[in-house]
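Enquirer: Could you have a look at this structure, given as structure tokens, before my questions?
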């Protein structure tokens, strides 16, 4: 007996069809560099995306060619998300937080052809151009700056094809649609290449009620950059479900975001914890200045929101939800939704579980591997987190297979150290390389950071290992106080002593004005280690 | 550039893993023939499903073999949904509403081997056994009846394998998991064979917030039989999301369902409109006797709930949602969720749109074909509804391709006549064969039935064509009054005259005590035509 089902490939273009035919009336609000808002309907974005596809085709872009983008979050970037795959090409989202030379290395590695770049990012482009030459540069005019000589404007590029229909290039479901390079905390950045299949499946899966919960009644604000792991898949998933989008452009300071939130009333906002920390500070410093929609969900990724951050949000009527993922996982891996069993256990237990990485999405398998094989799901047994599934990368673009990255039986080694409990909640103890080995025992830097940040005087905290002759390594705690607040090393040590054994307590504290961050907003332990080598 | 994503097949077993590992604490409540409730955790069902798989393997069942079920909705049926695919076999859900001889024909056509049958259905089994011999019969003991000689009990069958793990048989994602025969209003029943791929995709898609909206906080009551189009995919989708299940067993009278609803507090119930009509009548006849959970969603399929039914539900605090689908479409095709644009237009517009078939699910493409090609989405242009996608059947088991069923370019011809409006709402005008052709013009039987049922005295109405020498066909209206109510033909005609032209009004009315139904609870126009041939 054989299945009688049709053989129809999964396709990003099917999501595009929903944008163009089913949800044409939904709205995309973009904030420009001058802080004005520009509004488009889905139907308008779809029409412009088809013109982009036709323009790319006319410019000689062929199936599988890379079209790079160096853009903030705005409507043209959304057009690229759909227009580039319509033309059969592969969207390469360049990370504008990196140095020009590094971007050039990545563009060269991916063999990028056409580049679509914001006018406000032309200074960065000029740095890149010293090291890499794109075949063609198309400039998105958002501000008033004159377009650089030799570079045509995006509007001119799509103009001849406006108002015409475009027949999407035929493709296999395993054909690539987008490539994203990992931020590369160790070694060179590596390219993860998403397919039509993985992108469609991820959008469907992320939409589910216990995950991103995307409906046509939502207004979604991705603070997450559109160059970071496909903006967590939000552009695809939001469009699939007809949700309104608010794209914040280049202004990402807490005050700017609160202005935008007050005006556009999002129901869901997504970003890294550092963004939300700043938001809370600004809200507290200016009572009554802004209004955040009651019950707005704030989805936190990149690093877990601590219990104290979840609590701080909850006290302000915002539902803070943790999610875990990587560029390598499309990125949704787990999300900390509240099971009925957790609700029954009361408010404290809800806050505790919400600070976990969460429950695996339906699209991936997850296991915790110790030295003697798979660890039980008991909430205590620690091991390396490994994942497997159709939206997980099985390798990297033009990089030899690496047993440090993938196991022999085909699982991705995430480099995270984790536990899973009997209700299926995964909790990251640490990055493998951030664990502190002291006297033959392990200390979790993440646990200690969360404990430090639960003190009312502490704004941010990061813990790193420093080499020690006798104990191998010892923890060093870097602490940023809230404005106008400061406490002593002894007080901090006393605060930690409720959760940690005496030998685990840091011998040394450093008080900083800010913790250095990576290009994706995470604490940069690499930079801290450079600052405090011993 | 090639995608770097892992090649991992989509699989029903991945849903099973969620049942066994992630949502082990979720509950399945089954109502037995003696009306008592039996409770199992997901973990218990998963353990028993693995024992079933091991038992089937030991009994010689091999990859692709058909294992038939003839069961009401209960926990063992749910075990079959997962245990049979774990063993690499194909679940064939036999329709217990059919006559024994017809079931035997279907079982023979599918070449069923093992049969799993409820003890309370043994009389029907004996009718089938006169025409078809299964290789082995396993009896589910729900009541007290002694198991028939020669047939082992289900509990004995799984006993040797209880408490042991079972490694799922390896499979391709296009391998079959289940077969379901269409009810066959024309010609012989035809087998639709679902694959791992289509079943997983359908579960993911049906879960979305604007479709079944399934979360781990839901309690789902499928009144829909588990032998009907995979119970609309609910067993897979509910388990994927960890929702509690209430399986109503053989007692499906309105009073029985209301007892069950009052006790188990479902948040979502699914069934055909006739079930809900009876529910409303019983609620009205016995005020205060039952309590339906406030805001319970009632998902209606099989035929559309009329505006008056949607309204009646809404007045009782129940959110009635229409969905359209077929055995051929896995079955979710469209669902009538409320877009913001519709909400803005007010209460009447909400009720009107909710009575439509609804908006296409992300997993399928939909078009309306007229004589001159594809019709515009203007809410007026009528044509044949055609669908395409990875969860749509491209043929039937062991049946030659038929241009009446599939177009040359690979679309399923649904046999429904429909319009789609500019917001993407599809509305079925009629079954193609139920349209009434009078004097060269068409009359929609569905529109006339809805208009009749909007009269407060009318309980049910079905309209069929009878042959007419001069006008080709003329409408005949079959009407069932509510208890204690009756009105004249003239009054009915006057009621219709507000929506229909004079020439469209039925010349003839027949008053019945009930409209005959098909095995799936739809109006049987075939039987009505036999009753009123001219």
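Residue numbers (my numbering), protein chains in the order written: chain A, 28 to 561; chain B, 28 to 561. By construction, the Cβ of each residue, glycine as well, lies at the ideal position given by its N, Cα and C atoms.
Which of helix, strand or coil does DSSP assign to residue 517/A?
Expert: In the structure shown, residue 517/A sits in a helix (DSSP, three-state: H, G or I).
Enquirer: Can you name the start and end residues of the alpha helix (DSSP H) that residue 77/A belongs to?
Expert: Residues 69 to 85.
Enquirer: Are residue 119/A and residue 134/A closer than 9 angstroms when you measure CB to CB?
Expert: Against a cut-off of 9 angstroms, the Cβ pair of residue 134/A and residue 119/A comes out as a contact.
Enquirer: Along the beta strand (DSSP E) that carries residue 119/A, what are the first and last residues, could you check?
Expert: 117 to 120 is the extent of the beta strand (DSSP E) around residue 119/A.
Enquirer: Could you tell me the distance, in whole angstroms, from the CA atom of residue 379/A to the CA atom of residue 115/A?
Expert: Rounded to the nearest angstrom, the two C-alpha atoms are 45 angstroms apart.
Enquirer: If you check the beta carbons only, do residue 469/A and residue 409/A fall under 9 angstroms apart?
Expert: Yes, these two residues count as a Cβ contact at 9 angstroms.
Enquirer: Given this structure, state the Cα-to-Cα distance separating residue 325/B from residue 297/B, to the nearest angstrom.
Expert: Going from the Cα of residue 325/B to the Cα of residue 297/B covers about 6 angstroms.
Enquirer: Assign residue 74/A to one of two classes, buried (16 or more other C-beta atoms within 10 Å of its C-beta) or exposed (fewer than that).
Expert: Residue 74/A should be labelled buried.
Enquirer: Return the residue from the list 50/B, 39/B, 215/B, 149/B that minimises the CA-CA distance to residue 205/B.
Expert: The shortest C-alpha separation from residue 205/B is found at 39/B.
Enquirer: Taking Cβ positions only, does residue 366/A come closer than 9 angstroms to chain B?
Expert: True, the Cβ-Cβ gap to chain B drops below 9 angstroms.
Enquirer: With DSSP as the reference, please indicate the residues paired to residue 535/B in a beta bridge.
Expert: For residue 535/B, which the question treats as bridged, DSSP gives the partners 503/B.
Enquirer: I'd like to know if the region 542 to 557 of chain A and the region 77 to 90 of chain B are in contact, where contact means that at least 3 CB-CB pairs between them fall below 8 angstroms.
Expert: No: fewer than three Cβ pairs fall under 8 angstroms.
Enquirer: Give the DSSP-derived three-state secondary structure of residue 108/A in the structure shown.
Expert: Three-state result, residue 108/A: helix.
Enquirer: Short of 6 angstroms in beta carbon distance, which residues of its chain neighbour residue 216/B, apart from the five on each side in sequence? Order them along the chain.
Expert: 133, 208, 209, listed in sequence order.
Enquirer: Return the chain-ordered list of same chain residues with a C-beta closer than 6 angstroms to the C-beta of residue 588/A, the five sequence neighbours on each side being excluded.
Expert: Residue 588/A lies beyond the stretch modelled for chain A, which goes from 28 to 561, so this question has no answer here.
Enquirer: Report yes or no: do three or more beta-carbon pairs, one from the region 393 to 410 of chain B and one from the region 442 to 455 of chain B, lie closer than 8 angstroms?
Expert: The region 393 to 410 of chain B is in contact with the region 442 to 455 of chain B.
Enquirer: Could you name the residues of chain A that residue 551/B contacts, counting a contact when the two beta carbons are closer than 7 angstroms?
Expert: Per Cβ cutoff of 7 angstroms: no residues; residue 551/B is ~26 angstroms from chain A at best.
Enquirer: Report yes if the CB atom of residue 262/B is closer than 9 angstroms to the CB atom of residue 35/A, and no otherwise.
Expert: For residue 262/B and residue 35/A, no; Cβs fall outside 9 angstroms.
Enquirer: Do you know whose CA, among 246/B, 255/B, 234/B, lies nearest residue 268/A's CA?
Expert: If we check each option's Cα against that of residue 268/A, 234/B comes out closest.
Enquirer: Run down chain A in chain order and give the residues with a C-beta less than 7 angstroms from the C-beta of residue 219/B.
Expert: Within 7 angstroms Cβ-Cβ: 31.
Enquirer: For chain B, check one thing: does any of its Cβ atoms lie closer than 9 angstroms to the Cβ of residue 49/A?
Expert: So, interface residue.
Enquirer: Quick one, which of 495/B, 76/B, 536/B has its alpha-carbon nearest residue 561/B's?
Expert: Nearest option by C-alpha distance: 495/B.
Enquirer: Considering Cα atoms alone, identify which of 524/B, 337/B, 123/B, 517/B is closest to residue 143/B.
Expert: The candidate whose alpha carbon is nearest that of residue 143/B is 123/B.
Enquirer: Quick one: Cα of residue 369/A to Cα of residue 376/A, how far?
Expert: Roughly 6 angstroms between the two C-alpha positions.
Enquirer: By DSSP, does residue 530/B sit in helix, in strand, or in coil?
Expert: Residue 530/B falls in the helix class under three-state DSSP.
Enquirer: Run through chain B and tell me which residues come within less than 7 angstroms of residue 201/A, C-beta to C-beta.
Expert: Per Cβ cutoff of 7 angstroms: 30.
Enquirer: Would you say residue 423/A faces chain B, with C-beta separation under 9 angstroms as the test?
Expert: True, the Cβ-Cβ gap to chain B drops below 9 angstroms.
Enquirer: What does DSSP give as the partner residue(s) for residue 470/B in the beta ladder?
Expert: Answer is 463/B, bridged to residue 470/B.
Enquirer: Measure from the alpha carbon of residue 479/A to the alpha carbon of each residue in 458/A, 515/A, 459/A, then state which is nearest.
Expert: Checking every option, the nearest Cα to that of residue 479/A belongs to 515/A.
Enquirer: Using the C-alpha atoms, what's the distance from residue 96/B back to residue 117/B?
Expert: Each residue's alpha carbon lies about 11 angstroms from the other.
Enquirer: Show which residues of chain B have a CB atom less than 7 angstroms away from the CB atom of residue 232/A.
Expert: The contacting residues are 231.
Enquirer: Using 9 angstroms as the limit for Cβ to Cβ distance, is residue 157/A near chain B?
Expert: So no, residue 157/A is outside the interface.
Enquirer: Can you find a CB in chain A that lies within less than 9 angstroms of the CB of residue 46/B?
Expert: Not closer than 9 angstroms to any Cβ of chain A, the Cβ of residue 46/B fails to qualify, so no.
Enquirer: Are residue 52/B and residue 67/B close, meaning C-beta to C-beta below 9 angstroms?
Expert: No, they are not a contact pair.
Enquirer: Using a Cβ cut-off of 9 angstroms (strictly closer), state whether residue 392/A contacts chain B.
Expert: It does: the Cβ of residue 392/A has a partner Cβ on chain B nearer than 9 angstroms.
Enquirer: Residues of chain B with CB under 8 angstroms from residue 361/A, in chain order?
Expert: Simply none; closest approach about 10 angstroms.
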